[in-house]
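**Student:**
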Ligand SMILES: NC(=O)c1ccc[n+]([C@@H]2O[C@H](COP(=O)([O-])OP(=O)(O)OC[C@H]3O[C@@H](n4cnc5c(N)ncnc54)[C@H](OP(=O)(O)O)[C@@H]3O)[C@@H](O)[C@H]2O)c1
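Have a look at this one:
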């Protein structure tokens, strides 16, 4: 079978499309035929050796996938060949088949296609945990989302609206703002041309927003912190801009802010049942059309490098999907 392999820390163009042996399910495992694998920003880091997880070589990028159970190992109950499932395995899904612990699989509801189902887990799972468990976002509050057209950003726009918040989409181009507003955002700020702190204050009658969802960090992360209202919460999701902002801790004190770290992967390990409940809800909402899981583009496995380069170049709105 074909697999996109990282054989040493490398650039996207140095990944190799290789033929490897098909997996056999060990006890407790299922082998899934991957119909769609979703890429995330962290895949650009993991192949370069710049991510917190450093898998042994050779490995495939792509944490999450949707597909069909092909075979099951001894002791597996609850899944049978032919079942449509999604999964999140950290890395390794950019290949035709994966062997996965059956307990890591979630059934796909009818009415959802493989491409949209593949990219639901990391972005919407992270965001559901961030907005619910960490920020405790309430209906009527104002939520500013940075990188609002990206994977996690779009999830925050859509889940924020479902939770009853007023959502301000913040992104680097008017096209991205328009895209986020098509997906439910109430207002937009183009931080490539506007001062983000001033814009957030202007849009809230001078008060500032209640919650910032920040997957990018850098200068805009710091500006967004300064655009919070008294008692506001700043969700630290990631640092796609490359720099970790130096938050002004005097402001945290003087304006009674909460700076909230979000490490969804570790939370999932500690709370597997709550995670499954979140995923069941997210899948249901997506099948009902309440969440888009927007697919920017579908690439054949061999074009995985082009997909990763598009993510790194900030060109992707929603998700980039590989179809092995
Ligand atoms: N904490 C967690 O548990 C968790 C879970 C999932 C992901 N993450 C992290 O969240 C971050 C975003 O992930 P994602 O999948 O949403 O990424 P994405 O789809 O690539 O979106 C990231 C957005 O960041 C903005 N950006 C600003 N500077 C950038 C730069 N130099 N390069 C690329 N993008 C830049 C872009 O929006 P504009 O062009 O509009 O600025 C882009 O749309 C990553 O750091 C990822 O590792 C964390």
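In the numbering used here, the protein residues as written are 183 to 506. Beta carbons: idealized from backbone N, C-alpha and C, even for Gly.
#1: Taking C-alpha atoms, which residue in 268, 411 and 433 lies nearest to residue 218?
#2: Here's the rule: buried if 16 or more other CB atoms are within 10 angstroms of the residue's CB, otherwise exposed. What is residue 189?
#3: Can you tell me whether residue 259 is buried or exposed, with buried defined as 16 or more other CB within 10 angstroms of its CB?
#4: Residues in the same chain with beta-carbon distance under 8 angstroms from residue 404, minus the five sequence neighbours each way, listed in chain order, please.
#5: Locate the alpha helix (DSSP H) running through residue 343, then write down its first and last residues.
#6: Count the other C-beta atoms from every protein chain shown that fall within 10 angstroms of the C-beta of residue 462, then say buried if there are 16 or more, exposed otherwise.
#7: So, under 8 angstroms CB-CB, residue 439 and residue 414 are touching, yes? Tell me the CB distance rounded to an integer number of Å.
#8: Excluding five sequence neighbours on each side, which residues of the same chain lie with their C-beta closer than 7 angstroms to the C-beta of residue 478?
#9: Take the Cβ of residue 249 as the centre, count every other Cβ of all protein chains shown within 10 Å, and call the residue buried at 16 or more, exposed below.
#10: Ignore the nearest five residues each way along the sequence and tell me which others in residue 207's own chain have a CB closer than 7 angstroms to its CB.
#11: Compute every distance between the C-beta of residue 486 and the non-hydrogen atoms of ligand 1, then say whether any falls below 7 angstroms.
#12: According to DSSP, what are the bridge partners of residue 188?
#13: May I ask whether a heavy atom of ligand 1 can be found less than 7 angstroms away from the beta carbon of residue 445?
#14: Would residue 464 and residue 444 be called neighbours here (beta carbons separated by less than 8 angstroms)?
#15: For residue 203 and residue 285, what's the separation of their Cα atoms in angstroms?
**Tutor:** The structure says:
#1: Measuring from the Cα of residue 218, the nearest candidate turns out to be 268.
#2: Residue 189 counts as exposed, since fewer than 16 other C-beta atoms from the protein chains shown sit within 10 angstroms of its C-beta.
#3: So residue 259 ends up on the exposed side.
#4: Only 427, 428, 429 and 430 meet the Cβ criterion.
#5: Where residue 343 is concerned, the enclosing alpha helix (DSSP H) stretches over 333-344.
#6: Taking all protein chains shown into account, residue 462 has fewer than 16 neighbouring C-beta atoms within 10 Å of its C-beta and is therefore exposed.
#7: Beta-carbon to beta-carbon, residue 439 and residue 414 are separated by about 5 angstroms, close enough to satisfy the 8 angstroms threshold.
#8: In its chain, beyond the 5 residues on either side, 498, 499, 500, 501 and 502 have a beta carbon closer than 7 angstroms to the beta carbon of residue 478.
#9: Buried, by the Cβ-count rule.
#10: Counting only residues of its own chain and dropping the five nearest sequence neighbours on each side, residue 207 has a CB closer than 7 angstroms to the CB of 213, 253, 254, 255 and 281.
#11: No, the Cβ of residue 486 stays beyond 7 angstroms of every heavy atom of ligand 1.
#12: DSSP lists 241 as partners of residue 188.
#13: Under cutoff, so the answer is yes.
#14: Contact check for residue 464 against residue 444 fails: the beta carbons are separated by 8 angstroms or more.
#15: For residue 203 and residue 285, the distance between alpha carbons rounds to 24 angstroms.
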